[in-house]
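Here is the structure we will look at, set down as structure tokens.
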Amino acid sequence: MSGRWDGLLLDIDGVLHVGDEAIPGAVDTLAKLRAAGVPLRLVTNTTSRPRAAVTDRLQRLGFDVETDDLLTPAAMAVRLCRERGYERVALITAHALKQDLSELEAVVSPGSAVDAVIVGDLGPGFSYGVLNGAFRSLLRGADLIALQRNRYWRRPEGLVLDAGPFIAALEYGSGVTATVVGKPSPAFFLAAVDELGLTADKVAMIGDDLEADVGGALDAGLAGILVQTGKFRADELDDSPIDPTLVIESVADAPALVGISGNAYT
Ligand SMILES: [Mg+2]
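All residue numbers for the sequence shown refer to the working numbering, where the first residue is 1 and numbers rise by one.
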């Protein structure tokens with residue numbers, strides 16, 4: 001039995017779990033994909049916690065994953081800084097994420113002259129003082145690196161602002177345009193495809209974010225598949241110019257995409 005695709009990229013938040021609750025069927029689905037030897041990576045825009053903590057939580061929820069299965073924007077940011085020769089950076093990120101950015105020299109004093117300001121999801125930490133410090137560094141010539149620019153995400157208590165709106169505020173204030181290293185950056189998807197040893201046309205990205213997951217994957221030449229879990233909103237899909245390759249109920253429908261147990265999508 002063969003499916004339309006040979007490999008999968010799976011988003012984590014809203015696809016495998018929401019908060020401390022696994023999406024129904026997700027644990028079994030991942031086990032099934034593993035058992036069939038399907039090449040896959042987990043690609044997340046989560047920047048509120050380091051890769052090790054994301055892996056820990058998935059393992060606690062019963063998912064068969066290792067840290068190396070995960071691709072995160074922080075690793076891409078380190079790679080970009082290395083390519084551009086950046087050393088001194090201002091980190092506007094969750095404290096815990098700093099362990100994934102430890103290769104870079106973080107300058108702590110707000111408004112300093114730095115090579116780049118790196119911004120991730122800081123949640124309630126996005127204060128006026130933090131944003132203004134970043135703004136001043138940008139005026140002094142720093143580049144703006146966005147780990148991601150998602151508009152919002154779903155916490156157990158409801159939708160909350162993500163890093164995107166704050167990146168937009170910094171761009172608006174400073175006139176500096178951000179370089180996005182996480183989804184929907186094509187480089188992020190292509191790095192993942194490369195790790196799978198496949199070509200983009202043989203890989204499907206499954207996510208709950210229409211712009212970052214589906215739109216980004218389509219732009220990079222992958223299939224973009226939307227799940228109706230997590231932050232999925234039917235009205236957003238109706239109003240968007242982004243046309244997913246497929247809309248599936250949840251990640252539990254993923255095995256059929258690669259030709260396992262049923263051929264609904266082959
Ligand atoms: Mg998600």
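All C-beta atoms in this analysis are idealised placements derived from N, C-alpha and C, irrespective of residue type, glycine included.
For residue i, the first and last residue of its enclosing alpha helix (DSSP H)
i    : result
G207 : First-last for G207: 203-207, but that is the beta strand (DSSP E), not the alpha helix (DSSP H).
I242 : Taken as a continuous stretch (DSSP letters only), I242 belongs to no alpha helix (DSSP H), as it is neither H nor E.
R51  : 51-60
D194 : 186-196
G41  : Residue 41 is actually Arg in this sequence, not Gly. Element bounds for R41: not the alpha helix (DSSP H) but the beta strand (DSSP E), 40-43.
A77  : 73-84
D64  : Unbroken run through D64: none, as it is neither H nor E.
D219 : 216-219
Contact test: residue i Cβ vs ligand 1 heavy atom, cutoff 7 Å
i    : result
G207 : yes
D162 : no
D13  : yes
G230 : yes
Boundaries (first-last residue) of the beta strand (DSSP E) holding residue i
i    : result
R88  : 88-92
V119 : 116-119
A223 : 223-227
D253 : Here D253 belongs to no beta strand (DSSP E), and DSSP marks it neither H nor E.
Residue i and residue j closer than 8 Å at C-beta
i    : j    : result
P39  : L196 : yes
P165 : R151 : yes
A116 : A142 : yes
L138 : V119 : no
V11  : T44  : According to the sequence provided, residue 11 is Asp. The question's Val does not apply to it. Going by C-beta atoms, D11 is nearer than 8 Å to T44.
G182 : F189 : no
L210 : L226 : yes
R41  : A192 : yes
G3   : L170 : no
V78  : L97  : no
T229 : G62  : no
P184 : A212 : yes
A94  : L58  : no
L267 : L91  : Residue 267 is absent from the model: the chain starts at 1 and stops at 266.
A178 : L131 : no
L30  : A204 : no
Where residue i sits in the DSSP three-state scheme
i    : result
G25  : coil
A264 : Reliability fails at A264, whose pLDDT of 45 lies under 50, so the model's placement of it is uncertain and the value that follows must be treated cautiously. In the structure shown, A264 sits in coil (DSSP, three-state: anything other than H, G, I, E or B).
R4   : coil
A169 : helix
R155 : strand
E105 : strand
G175 : coil
V180 : strand
L10  : strand
L131 : helix
G259 : coil
A36  : coil
L16  : coil
A146 : strand
V160 : strand
L138 : helix
L283 : Summary: the structure shown does not reach residue 283, with the chain confined to residues 1 through 266, and so no result is reported for it.
L122 : coil
Handout entry: At least three beta-carbon pairs within less than 8 Å, the segment 26-34 to the segment 91-110
Key = no
Handout entry: the segment 80-94 / the segment 61-69 touching (three or more Cβ pairs under 8 Å)
Key = Here the segment 80-94 does not lie against the segment 61-69, with fewer than 3 beta-carbon pairs under 8 Å apart.
Exercise for the section: Would you check if the segment 241-253 and the segment 206-222 touch, i.e. whether three or more CB-CB distances between them fall below 8 Å? Expected result: yes
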